[in-house]
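K.L.:
Heads up: the sequence lines are chains A and B, in that order.
Mind the numbering: the first sequence is residues 135 to 396 in the working numbering, read in order.
Mind the numbering: the second sequence is residues 24 to 375 in the working numbering, read in order.
For every residue, glycine included, the Cβ atom is placed at its ideal position computed from N, Cα and C.
Before I ask anything, let me first share the structure, which is written out below as structure tokens.
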Amino acid sequence: MKRKLHPALIAFAVLVFIFLTGPLVIIIGSSLSSSEFLEFPPQGLSLRWYENAFDISAFRRTMGTSFFLAVAGTALSMLVGVPAAYAMARYRVELPGWLGNVFVLPVLIPEIVLGFSIMKTITTGYEVPVLPSLLIGHALLVLPYCVRVTGASLNSFDFSIEEAAVSLGCPRWKAFFVVILPNIRAGLIAAFILAFITSLNDVSISLFLTGPGVSTLPIQLLAHMEQFFDPTIASVSVVLMFITVGVMAVVERTLGLTFLTK
Amino acid sequence: MTVSLTLENITAHYGKTMVLEDLDLHVGEGELVSLLGSSGCGKTTTLRLVAGFLEPTSGRIRLGERDLTRLPSHARDIGLVFQTYALFPHLSVRDNVAFGLKQRGIATSDRNKRAMDMIERVGLSGFADRYPANLSGGQRQRVALARALVIDPPLLMFDEPLSNLDAKLRVEMRVEIRRLQQANGTTALYVTHDQEEAFSISDRVAIMNKGRIMQLDTPEVLYSRPANAFVADFVGFENVIEAVATGEEGGMILAEAGGAQLKLPKSHFELPAKEFLLAARADGLLVAETGEGLPATLGLRTYLGRAYQYVCETRAGNLTANGPLGAPLETGANAVLIPQPEQCCVLHREAR
Numbered sequence: 135m136k137r138k139l140h141p142a143l144i145a146f147a148v149l150v151f152i153f154l155t156g157p158l159v160i161i162i163g164s165s166l167s168s169s170e171f172l173e174f175p176p177q178g179l180s181l182r183w184y185e186n187a188f189d190i191s192a193f194r195r196t197m198g199t200s201f202f203l204a205v206a207g208t209a210l211s212m213l214v215g216v217p218a219a220y221a222m223a224r225y226r227v228e229l230p231g232w233l234g235n236v237f238v239l240p241v242l243i244p245e246i247v248l249g250f251s252i253m254k255t256i257t258t259g260y261e262v263p264v265l266p267s268l269l270i271g272h273a274l275l276v277l278p279y280c281v282r283v284t285g286a287s288l289n290s291f292d293f294s295i296e297e298a299a300v301s302l303g304c305p306r307w308k309a310f311f312v313v314i315l316p317n318i319r320a321g322l323i324a325a326f327i328l329a330f331i332t333s334l335n336d337v338s339i340s341l342f343l344t345g346p347g348v349s350t351l352p353i354q355l356l357a358h359m360e361q362f363f364d365p366t367i368a369s370v371s372v373v374l375m376f377i378t379v380g381v382m383a384v385v386e387r388t389l390g391l392t393f394l395t396k
Numbered sequence: 024m025t026v027s028l029t030l031e032n033i034t035a036h037y038g039k040t041m042v043l044e045d046l047d048l049h050v051g052e053g054e055l056v057s058l059l060g061s062s063g064c065g066k067t068t069t070l071r072l073v074a075g076f077l078e079p080t081s082g083r084i085r086l087g088e089r090d091l092t093r094l095p096s097h098a099r100d101i102g103l104v105f106q107t108y109a110l111f112p113h114l115s116v117r118d119n120v121a122f123g124l125k126q127r128g129i130a131t132s133d134r135n136k137r138a139m140d141m142i143e144r145v146g147l148s149g150f151a152d153r154y155p156a157n158l159s160g161g162q163r164q165r166v167a168l169a170r171a172l173v174i175d176p177p178l179l180m181f182d183e184p185l186s187n188l189d190a191k192l193r194v195e196m197r198v199e200i201r202r203l204q205q206a207n208g209t210t211a212l213y214v215t216h217d218q219e220e221a222f223s224i225s226d227r228v229a230i231m232n233k234g235r236i237m238q239l240d241t242p243e244v245l246y247s248r249p250a251n252a253f254v255a256d257f258v259g260f261e262n263v264i265e266a267v268a269t270g271e272e273g274g275m276i277l278a279e280a281g282g283a284q285l286k287l288p289k290s291h292f293e294l295p296a297k298e299f300l301l302a303a304r305a306d307g308l309l310v311a312e313t314g315e316g317l318p319a320t321l322g323l324r325t326y327l328g329r330a331y332q333y334v335c336e337t338r339a340g341n342l343t344a345n346g347p348l349g350a351p352l353e354t355g356a357n358a359v360l361i362p363q364p365e366q367c368c369v370l371h372r373e374a375r
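Structure follows, in structure tokens:
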């Protein structure tokens, strides 16, 4: 027996597929162009813009900064967010209901406003150097993801296993590490990936917080595009894309990505 | 090492609500005592207080010579079996069972040997490398049991351990729990809302209501001689009839109830006062067409398989009584309800 599909449905599915993958094809195509301009379809084939991307020291440097911020900012945010999510799930009855909403504020407030206020208070107000300001800004930006995604796996968590561990002689602080954390691993990884990608892509907050000598890759890309409208941007994007895919592949191999579909 | 558990004058609050009121409880060495009651009666609170997950407002908890009242939970040395099994999903059966031993700093080889021995004792040899997700409910509860037993605790506690299992497995597991508890001679506190479960495995049962123990006794005494109307109702004495003793006649107590004279054998009943309550199970009032008993008009008849049950209108109020299968009586018929001493008891009127 054959399943009957409506032609319009098939057409719609194909359109969605093109819509999703189209930009990727265009970027990869234009990055391989040998012409001086960012254009699609590419004129000729060459890897010169990739070479150029790696030649420009600003890209190498800012990529380093961006990765540092994404890793350190996310780590910092997890350090605050995971215990917060735990407390809110564990003491749901005792704690006020609005508390959870406080942790999503950075998503609700327009990023521009968030970036501006961090600059006003931290960078100019307390004269914190550029890199630490950026770190704080990124940690704050990704905090909602850390709290919410870990919180989602903690809300369905059966805390009696924590009590079981305690009854078997395990102190509560230790039970958090040996029983709770291993069982919300999927949520932790999901939170980390979401936060990592959000931080890596951020423009609006970094725009306010970057300063002399310290910039992030997206900001550098913008600056580069204003000066030269060449395919270097496309090639940097492709490199970024493959690094992200690579990270996901490693995670998939080692830990499994089933949590994204769960 | 067997010890006894003592709770003295325990009062506990959730916020401002009092959940336990001046509770005293003693569980003797090697004894299994059940806390039985409907939800909200304080039975789980009592268990959680002993486990150290809650703190009493006042009172003392002692386990043998040790005062547990302010001791942190992890230092109490109590084996706990949960309703949801509470196995560690990320650990194999063996590591689940060995967890408590690991916390006690026992060397790996010794730990594994003791865990494997215990896994064998609960009948799960061959499952040691499985993960909880790949076990059935009954198997999971066996692992939970092994995990609590392997640390050789002076006290075992069960929090409705069988309510997530199907009926057949429940009977099998409660026998298993009783067997292991007796083999080790461990003192045990068992929380359940299932009367049959509590009665079948306990040395003594405490029936609880609104944060108080209504009666603590052996299942036999609870079943046949409840101390008050609450316990009587709980153990199935559905009918409570007001009666007044009028005299005695050859080993029988004469009593007046619902406008009729009843004869109750003296050997069965010890009247608390002249005015008393007669409590009867549905089986304790035999529906008959004629005889010496309470006159009644029959209402709705239902079929129980072993008997017919009637809603009966009497001068003592609406009563539930059973009649023999052989001769079903029609709705509206007049009949008498004859007390069956084995299924009746007497209560103090004030205990109502």
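#1: Are the segment 281 to 293 of chain A and the segment 229 to 245 of chain A in contact at 8 Å, needing three or more beta carbon pairs?
#2: According to the Cβ coordinates, are residue 238 (chain B) and residue 214 (chain B) closer than 8 Å?
#3: If you measure from the beta carbon of residue 112 (chain B) to each beta carbon in chain A, is any gap under 8 Å?
#4: Using a C-beta to C-beta distance shorter than 7 Å, which residues of chain B count as neighbours of residue 294 (chain A)?
#5: So is residue 333 (chain B) buried or exposed if we call it buried at 16+ other beta carbons inside 10 Å?
#6: Residue 147 (chain B) and residue 165 (chain B): beta carbons closer than 8 Å?
#7: Going by beta carbon distance, what residues of the same chain come within less than 8 Å of residue 111 (chain B), once the five residues before and after it are set aside?
#8: Quick one: does the C-beta of residue 88 (chain B) sit closer than 7 Å to a heavy atom of the ligand GTP?
#9: List, in chain order, every chain A residue whose beta-carbon is nearer than 7 Å to that of residue 76 (chain B).
#10: Determine, using beta carbons only, whether residue 354 (chain A) and residue 237 (chain A) come nearer to each other than 8 Å.
#11: At what residues does the beta strand (DSSP E) containing residue 336 (chain B) begin and finish?
#12: By alpha-carbon positions, which one of B:226, B:218, B:183 ends up nearest to residue 202 (chain B)?
#13: Which residues in the same chain have their Cβ closer than 6 Å to the Cβ of residue 393 (chain A), if we skip the five residues on either side of it in sequence?
#14: Which two residues bound the contiguous alpha helix (DSSP H) that contains residue 253 (chain B)?
#15: Cα-Cα, which of B:264, B:358, B:41, B:102 is closest to residue 298 (chain A)?
#16: Per DSSP, residue 272 (chain A) is paired with what?
#17: Using only the alpha-carbon positions, how far apart do residue 373 (chain A) and residue 366 (chain A) sit?
#18: For residue 140 (chain A), count the other beta carbons within 10 Å of its own beta carbon; 16 or more makes it buried, fewer makes it exposed. Which is it?
#19: Which whole runs of the beta strand (DSSP E) in the segment 130 to 188 of chain B are 3 residues long or more, in chain order?
#20: Count the C-beta pairs between the segment 365 to 374 of chain B and the segment 320 to 336 of chain B that are closer than 8 Å, then say yes if the count reaches three, no if not.
#21: I want to see whether chain A comes within less than 8 Å of residue 36 (chain B), judged by CB atoms only; does it?
#22: Counting only runs that start and end within the segment 205 to 230 of chain B, where is the beta strand (DSSP E) found for 3 or more residues in a row?
#23: Under a Cβ-count criterion, where at least 16 other Cβ atoms within 10 Å of its own Cβ denotes burial, should residue 114 (chain A) be classed as buried or exposed?
#24: What separation, rounded to the nearest whole angstrom, lies between the Cα atoms of residue 34 (chain B) and residue 168 (chain B)?
#25: Select from the segment 311 to 340 of chain A all residues with a C-beta closer than 7 Å to any C-beta belonging to chain B, and list them in chain order.
#26: Which residues of chain A have a Cβ atom closer than 8 Å to the Cβ of residue 174 (chain B), listed in chain order?
#27: If you compare alpha carbons, which of B:46, B:89, B:259 is closest to residue 70 (chain B)?
#28: With 16 other CB atoms within 10 Å as the buried threshold, where does residue 251 (chain B) fall?
#29: When the Cα atoms are used, what is the spatial distance from residue 387 (chain A) to residue 224 (chain B)?
#30: Pick out the complete alpha helix (DSSP H) segments inside the segment 25 to 80 of chain B, 4 residues or longer, and give them in chain order.
#31: Hey, residue 259 (chain A) and residue 339 (chain A) are a contact pair by Cβ (cut 8 Å); roughly how many whole angstroms apart?
#32: Who does residue 361 (chain B) pair with in a DSSP beta bridge?
#33: What is the DSSP secondary structure of residue 313 (chain A), counted as helix, strand or coil?
P.N.:
On the basis of the coordinates in this document:
#1: yes
#2: no
#3: yes
#4: 105, 107, 109
#5: buried
#6: yes
#7: 118, 119, 122, 155
#8: Because no ligand of any kind appears in the structure shown, any question about the ligand GTP cannot be addressed here.
#9: 297
#10: no
#11: 331 to 337
#12: B:226
#13: For residue 393 (chain A), the predicted model reports a pLDDT of 46, less than 50, meaning its position is unreliable and no value from the coordinates is stated.
#14: 252 to 257
#15: B:102
#16: Paired residue(s): none; residue 272 (chain A) is not in a bridge.
#17: 11 Å
#18: exposed
#19: 178 to 182
#20: no
#21: no
#22: 210 to 215
#23: There is no way to answer for residue 114 (chain A), as the model of chain A reaches only from 135 to 396.
#24: 30 Å
#25: 313, 316, 317
#26: 302, 303
#27: B:46
#28: buried
#29: 50 Å
#30: 66 to 74
#31: 16 Å between Cβ atoms; not a contact.
#32: B:309
#33: helix
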